[in-house]
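Notes to accompany the following structure.
In the working numbering, the protein residues as written are 6 to 192.
If you want it as structure tokens, here you go:
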């Protein structure tokens with residue numbers, strides 16, 4: 006878990022995207038999928054990741070306790086690895102309003118990923134995956150203001166870096182399932 010600088014108001018403005026990848030995409034700015042779900046297809050990052058798209062759809066439903074804020078997907082020019090992230094927030098500020106709650110969230114997420122995604126792994130493979138999660142799949146946070154809210158929310162972000170697109174997409178699906186379960190446990 007770590008603090009990460011970035012935008013402090015949502016929606017944020019568009020800007021230059023990354024050109025240092027195989028699939029350059031523009032930064033189209035923050036899209037309010039809560040109020041404008043029809044704009045989902047404007048997000049270029051979902052083209053190769055159907056589970057990321059489904060995650061955005063599910064987490065932004067009116068009945069969802071979450072909102073999504075940003076996402077990305079890049080393919081490395083040199084080794085073809087896939088990098089992706091998702092930024093989101095709970096509508097109920099109290100779910101993640103302390104560092105202890107954010108740390109607990111990250112710990113529960115890692116346990117969930119290990120339990121759900123390593124059932125067919127050997128002990129050695131499982132140990133490698135646990136170490137990888139600890140080093141590479143970390144939750145970052147910062148405070149931001151959503152639309153016209155006067156009190157800040159806590160943004161949570163999660164990055165994935167894997168050798169192939171399918172593994173990244175699988176992790177977006179697992180994250181979606183975890184978030185929906187976690188949010189019902191905390192409400």
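Where is the CB? At the ideal position from N, CA and C, for every residue including glycine.
- The alpha carbon of residue 166 has as its nearest neighbour, out of 91, 181, 33, 108, the alpha carbon of 91.
- Counting along the chain, residue 189 sits inside the alpha helix (DSSP H) bounded by residues 170-191.
- As DSSP reads the structure, residue 147 sits in a beta bridge with 160.
- In this structure, the CA atom of residue 100 is about 23 angstroms from the CA atom of residue 120.
- The criterion of a C-beta distance shorter than 8 angstroms is satisfied by residue 23 and residue 79.
- At the C-beta level, residue 7 and residue 143 come within 8 angstroms of one another.
- Between the alpha carbons of residue 55 and residue 172 lies a gap of roughly 12 angstroms.
- Comparing alpha carbon positions, the residue from 93, 124, 190 closest to residue 61 is 93.
- Taking all protein chains in view, the Cβ of residue 58 is crowded by 16 or more other Cβ atoms within 10 Å, so the residue is classified as buried.
- Annotation: residue 9 to residue 145 spans about 6 angstroms, alpha carbon to alpha carbon.
- In the DSSP assignment, residue 75 forms a beta bridge with 92.
- Residue environment analysis places residue 137 among the exposed positions, since fewer than 16 neighbouring C-beta atoms fall within 10 angstroms of its C-beta.
- Of all C-beta pairs linking the region 46-55 to the region 67-84, three or more are shorter than 8 angstroms, placing the two stretches in contact.
- With a threshold of 16 other beta carbon atoms within 10 Å, residue 41 falls short and is exposed.
- Rounded to whole angstroms, the gap between the alpha carbons of residue 73 and residue 116 is 22 angstroms.
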